[in-house]
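Visitor: Would you mind keeping the following structure in view while I ask a few things?
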Amino acid sequence: MTTPCEVHLFASSQEKAREVATDILGASKKLESKYNFYNPDSYLSALNQRETNTLDYQTKEVLKQAKLFYTHTKGIFDVTVGTLKQSMQYKTIEEIEKDKERLSAFVGSEHFEIKRDKLHFTNPHTKIDLGGFIKEYAVDNAVKIVKKAKLKAALINFGGDIYALGRKPDGKGFKIGIKNPLNPKEYLQDVYLTNQALTTSASYERNQTVEGKTYSHIMHTDDLQSQILSASVISPTVVQSGVYSTALMVDTTLEIHFDKILIDQNLEIIT
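Taking numbering that gives the first Met the number 0, I'd label the letters of the sequence shown as residues 0 to 270.
Structure (structure tokens):
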């Protein structure tokens with residue numbers, strides 16, 4: 000992963016903890032390698048380049064989930080925004096916007112279908128990018144590894160995508176701070192998690208500036224300006240939290256059935 004990853008395990012011995020941590024590291028590296036959008040030798044690149052259209056079970060399930068989230072978020076969460084990423088290779092706003100306009104017609108999860116074990120694109124331009132999905136999926140996968148090893152408690156944090164399994168030895172939940180979007184070294188609110196996931200999407204994350212214009216890491220066919228600085232979602236899985244926190248940055252009125260914490264431009268907290 001390109002972000003710091005931490006795993007805190009509460010095990011009966013150091014040997015057991017080391018064994019589980021090694022399994023998590025191995026599984027996460029496999030996911031990162033398999034679904035790397037930028038690596039021309041990855042399995043995802045082979046799908047995007049139409050070198051293969053055969054889906055293994057894991058990829059089929061991931062893409063089926065992605066299409067469901069596309070529907071649930073009214074098209075905001077869309078793994079085909081990878082189609083627009085090639086526009087960011089240009090050096091001027093004019094070139095970027097012109098290329099985005101050209102490619103926008105090929106963005107949308109309706110442009111790919113899953114039939115049995117095959118992936119079918121409706122055109123040669125649409126590309127799938129799981130970068131906004133697979134890190135969260137990796138945390139949920141790590142939780143499965145911990146549960147299989149019968150550990151009762153763990154805190155897994157992959158670049159701010161967090162899952163708290165069980166409780167700490169003192170019986171309390173895991174305390175997680177919600178950052179100030181204008182000063183990420185400061186925390187505005189604490190939450191306590193037990194068998195829950197939390198992710199935050201924020202304006203301070205992974206942006207790119209071209210000729211004074213900032214392009215968010217949250218890509219969309221429309222040039223949207225968020226009315227909030229960060230969105231945090233608490234849910235049963237990290238994938239759900241990640242998808243809906245990202246979607247809320249685009250549309251704060253989106254109806255979700257999980258706890259949310261929004262921070263507006265005045266640093267007011269909205270729940």
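C-beta: ideal position from N, C-alpha, C; glycine also.
This one's a predicted model, so the numbers in the text were calculated from it and none came from an experiment.
(1) Going by the beta-carbon positions, is the gap between T251 and L261 smaller than 8 Å?
(2) Can you give me the C-alpha to C-alpha distance between T82 and T125, rounded to a whole angstrom?
(3) Identify the residues that DSSP records as bridge partners of N47: which are they?
(4) DSSP puts K174 in a beta bridge; with which residues?
(5) Do S229 and A201 have their beta-carbon atoms positioned less than 8 Å apart in this structure?
(6) Counting only runs that start and end within the stretch 28-80, where is the beta strand (DSSP E) found for 3 or more residues in a row?
(7) Check A10 in the structure and name its three-state DSSP category.
(8) How would you label G131, buried or exposed, when you count the other beta carbons within 10 angstroms and need 16 or more for buried?
(9) Using a beta-carbon distance below 8 Å, is Y69 in contact with chain D?
(10) State buried or exposed for K174, treating a residue as buried only when at least 16 other CB atoms are found within 10 Å of its CB.
(11) To the nearest angstrom, report how far apart Y186 and G176 are at their CA atoms.
(12) Quick one, are the C-beta atoms of V138 and D160 less than 8 Å apart?
(13) List the endpoints of the continuous beta strand (DSSP E) containing A141.
(14) Looking only at DSSP bridge pairs, what is T199 linked to?
(15) Since L197 contacts I155 with CB under 8 Å, what's their CB separation in whole angstroms?
(16) DSSP has D263 in a bridge; who is on the other side?
(17) Please classify Y162 as buried or exposed, where buried requires at least 16 neighbouring CB atoms within 10 angstroms.
(18) In the DSSP assignment, what are the bridge partners of H119?
(19) State the CB to CB distance for the pair V242 and F76, rounded to an integer number of angstroms; the pair is presumed to be in contact (CB under 8 Å).
Guide: If we stick to the structure as given:
(1) yes
(2) 5 Å
(3) Beta-bridge pairing links N47 to no other residue.
(4) Y191
(5) yes
(6) none
(7) coil
(8) buried
(9) No chain D is part of this structure, which consists of one protein chain only.
(10) exposed
(11) 6 Å
(12) yes
(13) Careful: A141 lies outside any beta strand (DSSP E), inside the alpha helix (DSSP H) at I133 to K147.
(14) S231
(15) Actually they are not in contact, since the Cβ atoms of L197 and I155 sit about 11 Å apart, beyond 8 Å.
(16) I227
(17) buried
(18) E112
(19) 5 Å
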